[in-house]
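Counting in this note's numbering, the sequence shown runs from 1 upward without gaps.
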Amino acid sequence: MRSRLPDAVLPQRVHIIGSGLIGTSLAMALVRAGISVSVADASPTHEALAADLSGAMRGAVGAPEVVVVATPPDVTADVVAGALGTWPRATVTDVASVKRVVLGQLRARGVAGIERYVGGHPMAGREKSGAISARIDLFEGRPWVITTTAETAVGGAALVMGIAGAAGAVVRALSPDDHDNAVAAVSHVPQVAASLVAARLSELSEDAVGLAGQGLRDVTRIAASDPLLWTQILAGNAPAVVGVLRALTDDLTRVVEALEALSENEFDERAGEAGAGEPGEGESRAGEPGAGDAGAGEPGSALAPGARRVLAEAIAAGNTGHARIPGKHGAAPAAYTVVTVLIPDEPGQLGRLFQDVGDAGINLEELNLEHNLGQPFGQLELSVLPGVAGELVETLAARGWRVHD
């Protein structure tokens with residue numbers, strides 16, 4: 001269920017507790033927006049680095065209008081409760097990726113001022129953590145979920161919306177339960193899946209791993225995430241994650257059973273295919289009496305009935321789900337044409353290519369670079385709107401690039 005939100009209000013003074021990737025990136029963005037920002041961290045070194053990188057002040061200065069708790073999920077409720085008590089007139093928000101457990105812990109403790117707490121979750125991050133990995137544009141164009149309840153003060157929600165907007169994020173409103181169910185499917189289970197797939201690579205030989213291409217890199221990119229952080233996230237959203245994983249397990253079980261059926265009949269099917277050229281004694285040719293269902297379908301299909309259908313349906317269901325992923329800037333998915341350019345693995349080549357594309361006045365919607373095994377060049381896939389693909393091919397070819405469309 002979506003919650004209704006008020007108009008955003010930009011605060012003038014913001015205090016951020018926690019100077020990791022999210023806290024420092026937010027400090028950078030808010031300082032750029034002209035907001036007076038201070039940062040604090042349990043580690044003086046981390047706090048000093050965050051202040052140096054963002055231009056924020058160290059330690060709480062004055063009375064902040066908003067306090068942002070950007071600490072690990074397992075201590076978020078403790079820090080939120082402390083902030084509500086320390087600054088009795090401030091709105092307190094957090095950036096934890098689980099919302100139900102934080103709110104539940106605050107209610108269970110009977111924390112005073114809970115109406116000033118506004119749950120928040122910027123849907124942004126990187127595989128790397130810490131202040132040194134912070135980016136001023138980390139939140140730009142990304143969803144920032146705000147979870148309000150019947151007890152949430154309207155003015156507090158407006159201030160948190162102002163922070164999200166100043167960071168370039170797009171505000172979304174959800175209830176705590178709906179938020180946790182959603183992120184289980186779009187964030188938490190994908191992390192588990194990526195980690196499990198990547199873990200299989202540890203058992204492969206170097207020769208086998210050397211065959212990996214961009215597809216495997218795409219699937220396992222987030223597998224490089226922080227184990228400690230993700231243990232906290234998964235534990236905090238265990239009920240919702242379990243529900244999605246059980247459904248995924250059911251799907252995977254059907255695929256495994258289909259493949260097992262095909263594996264058990266592998267040689268029988270091949271024998272059937274080898275003898276399928278001419279009918280033997282007692283068999284009928286197509287169109288002759290007795291030529292009925294026995295010859296229908298693909299060779300050997302009767303040995304594993306329905307198995308191929310299960311596999312096809314699993315892949316097709318993935319197509320359907322993938323088509324629902326939002327496109328650029330959160331818009332509906334768009335159909336792009338991919339133009340592939342062979343690019344030498346030499347300094348300055350990428351820059352030259354981008355300059356040539358820019359000179360042509362063509363906007364790149366997406367790009368993907370894949371290195372070829374044992375070759376001194378890579379394949380750069382440029383995704384553009386279909387109407388300009390031909391022009392891009394002609395332009396790049398005229399400038400000496402090896403192009404495939």
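Glycine included, C-beta positions come from ideal geometry on N, C-alpha and C.
None of the values given here were measured: they were computed from a predicted structure.
To which residues of the same chain is residue i closer than 7 angstroms at the C-beta, ignoring the five residues directly before and after it?
i           : result
residue 59  : 38 and 40
residue 157 : 5, 6, 118, 146 and 148
residue 47  : 19, 39, 40, 41 and 58
residue 404 : 340
residue 262 : 304 and 307
residue 411 : What the structure shows of the chain is the stretch from 1 to 405, and residue 411 is not part of that stretch, so it cannot be assessed.
residue 77  : 102, 105 and 106
residue 294 : Residue placement at residue 294 is flagged as unreliable, the pLDDT there being 38, under the threshold of 50; a coordinate-derived value is accordingly withheld.
residue 394 : none
With residue i and residue j assumed to form a contact (beta carbons below 8 angstroms), what rounded beta-carbon distance in angstroms separates them?
i           : j           : result
residue 25  : residue 139 : 7 angstroms
residue 132 : residue 28  : Actually they are not in contact, since the Cβ atoms of residue 132 and residue 28 sit about 12 angstroms apart, beyond 8 angstroms.
residue 170 : residue 143 : 6 angstroms
residue 233 : residue 97  : 5 angstroms
residue 86  : residue 66  : With a Cβ gap of about 13 angstroms, residue 86 and residue 66 do not count as contacting.
Using the Cα positions of residue i and residue j, report the straight-line distance between them to the nearest angstrom.
i           : j           : result
residue 115 : residue 317 : 43 angstroms
residue 64  : residue 401 : 56 angstroms
residue 125 : residue 176 : 20 angstroms
residue 173 : residue 239 : 21 angstroms
residue 211 : residue 260 : 25 angstroms
residue 43  : residue 306 : 59 angstroms
residue 341 : residue 207 : 27 angstroms
residue 382 : residue 128 : 26 angstroms
residue 371 : residue 352 : 18 angstroms
residue 93  : residue 355 : 43 angstroms
residue 168 : residue 141 : 6 angstroms
residue 23  : residue 50  : 8 angstroms
residue 397 : residue 369 : 19 angstroms
residue 30  : residue 360 : 36 angstroms
residue 335 : residue 385 : 7 angstroms
residue 257 : residue 235 : 30 angstroms
residue 180 : residue 62  : 34 angstroms
The beta strand (DSSP E) that contains residue i, what's its start and end?
i           : result
residue 340 : 337–344
residue 13  : 13–17
residue 39  : 36–40
residue 68  : 66–69
residue 118 : 117–122
Quickly, what does DSSP pair residue i with across the bridge? List them, please.
i           : result
residue 370 : 379
residue 170 : 143
residue 95  : None; residue 95 has no bridge partner.
residue 384 : 337
residue 348 : In DSSP, residue 348 forms no bridge with anything.
residue 399 : DSSP lists no partner for residue 399.
residue 57  : 38
Can you find the residues in the same chain that come closer than 8 angstroms, C-beta to C-beta, to residue i, ignoring five residues on each side of it along the sequence?
i           : result
residue 154 : 6
residue 245 : 189 and 192
residue 70  : 16, 17, 18, 19, 20, 22, 23, 26, 94 and 95
Whose C-beta lies closer than 6 angstroms to the C-beta of residue i among residues of the same chain, with five residues either side of it excluded?
i           : result
residue 223 : 194, 195 and 198
residue 35  : 14
residue 399 : 356
The alpha helix (DSSP H) with residue i in it runs from where to where?
i           : result
residue 195 : 189–200
residue 402 : Here residue 402 belongs to no alpha helix (DSSP H); instead the beta strand (DSSP E) covers 402–404.
residue 410 : No information on residue 410 is available, as it lies outside the stretch 1 to 405 that the chain covers here.
residue 236 : 227–236
residue 44  : 44–54
residue 310 : 307–322
residue 186 : It is not in any alpha helix (DSSP H) - residue 186 carries neither H nor E in the DSSP assignment.
Does chain D have any CB closer than 8 angstroms to the CB of residue i?
i           : result
residue 241 : Protein chains in the displayed structure number just one, and chain D is not present.
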